[in-house]
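In this note's numbering, the protein residues as written are 4 to 322.
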């Protein structure tokens, strides 16, 4: 299996990267009001075809595959793009208005045996909630649910709510469709974790090359070299796992979908959290300050770890 990107995939990746840099610059992360949903940004994502990317062209989509979607979500992870992007993307086939950005969809994955408490991100901004259960996919209007904001949200860019009331909703998909959506969500979340791992590796290397101590860049010291090298190795292991899982979902004949999805989530999750911690360590005392964005990446890594199954849960599935 070859993971060499085609020219059109490179162009797609670069286009998303340029959009994120111009529309959601990293140096403005601390100025974002997390409780105010950016509808203009959501419309821009819709105009770029993010939500309809995998829909067939005859249904108004771009007709691209899971591998292309993974490339897009890696860039969203690098940029810490906020919002229920993964859920709206995977729900586009099932929820009217999701593909064109008119219906903002969030979701809860209960396929791994989770129980209360139920936490839902961006709850107040949603129009529809889908719940993945072992017996199928269920749709619930957000207006029929109730939740309380968690004021001390782990990720300052991800407002989180404790769901206090949730009806059963309407069944819109069977158990096989629920499992498929869970796999897609797992791989796209892993792609975002890969983006976090890439961004923090680059930040570590850049700082180590410019910060001087004892009249030389700290990157020349062996201990710092090893920190950066280990981050790069974790990143590349995660890349292979994520690309492989995306290709497996797109072409199931090449591998086992559940195994590939879990492997991607495990490798990308470890890379995201460890690389973000390393980034803070390489930055030294500055790494803990609000001015350095390293802490945003660690907090996002923690949030993504709990989406679509944790490392421990996926390890149990593989075992």
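Even glycine gets a Cβ: it sits at the ideal position worked out from N, Cα and C.
Those residues which DSSP pairs with residue i across a bridge
i: residue 268; result: Note: residue 268 sits in no beta bridge, so no partner.
i: residue 149; result: 168
i: residue 141; result: 134, 174
i: residue 338; result: An answer regarding residue 338 cannot be provided, because it is not within the stretch 4 to 322 covered by the chain.
i: residue 163; result: 124, 153
Beta-carbon proximity list for residue i, same chain, < 6 Å, skipping 5 on both sides
i: residue 272; result: 196, 308, 314
i: residue 221; result: 211, 214, 227
i: residue 163; result: 122, 124, 153, 156
i: residue 321; result: 265
i: residue 289; result: 295
i: residue 235; result: 204
i: residue 250; result: 70
i: residue 301; result: 279
i: residue 324; result: Residue 324 lies beyond the residue range present for the chain, which begins at 4 and ends at 322; the question has no answer from this structure.
i: residue 194; result: 73, 76, 77, 245
i: residue 274; result: 200, 237, 238, 241
Residues near residue i in its chain [Cβ-Cβ closer than 8 Å; skip 5 each side]
i: residue 325; result: What the structure shows of the chain is the stretch from 4 to 322, and residue 325 is not part of that stretch, so it cannot be assessed.
i: residue 63; result: 55, 102, 103
i: residue 181; result: 114, 135, 136, 137, 138, 139, 140
i: residue 1; result: Since the first and last residues shown for the chain are 4 and 322, residue 1 lies out of range.
i: residue 108; result: 87, 90, 91, 94, 98, 101, 129, 130, 131, 132, 133
Residue interval of the alpha helix (DSSP H) (run including residue i)
i: residue 19; result: 10-26
i: residue 74; result: 69-82
i: residue 234; result: 225-253
i: residue 7; result: Per DSSP, residue 7 belongs to no alpha helix (DSSP H) and is neither H nor E.
i: residue 158; result: Unbroken run through residue 158: none, as it is neither H nor E.
i: residue 297; result: 297-308
i: residue 324; result: For the chain, the structure presents residues 4 to 322; residue 324 sits outside this window and is missing.
i: residue 53; result: From DSSP, residue 53 is part of no alpha helix (DSSP H); its letter is neither H nor E.
i: residue 257; result: Note, residue 257: premise wrong, no alpha helix (DSSP H); not H, not E.
i: residue 90; result: 88-93
Assigned secondary structure, residue i (DSSP; H/G/I helix, E/B strand, else coil)
i: residue 320; result: helix
i: residue 313; result: coil
i: residue 205; result: helix
i: residue 31; result: helix
i: residue 185; result: helix
i: residue 103; result: coil
i: residue 276; result: helix
i: residue 65; result: coil
i: residue 287; result: helix
i: residue 97; result: coil
i: residue 192; result: helix
Start and end residues, beta strand (DSSP E) containing residue i
i: residue 123; result: 122-124
i: residue 108; result: 108-112
Close-in-space but distant-in-sequence residues of the same chain around residue i (CB under 7 Å, 5 per side omitted)
i: residue 165; result: 120, 122, 150, 151, 153
i: residue 260; result: 186, 251, 252
Query raised in the report: So does the region 282-293 actually touch the region 253-265, counting three or more Cβ pairs closer than 8 Å?
Result: no
Query raised in the report: Does the count of Cβ pairs from the region 128-145 and the region 164-175 closer than 8 Å reach three?
Result: A contact exists between the region 128-145 and the region 164-175.
Report task. Spell out a yes or no on whether the region 125-140 and the region 174-194 are touching, meaning 3 or more CB-CB pairs, one atom from each, closer than 8 Å. Result -> yes
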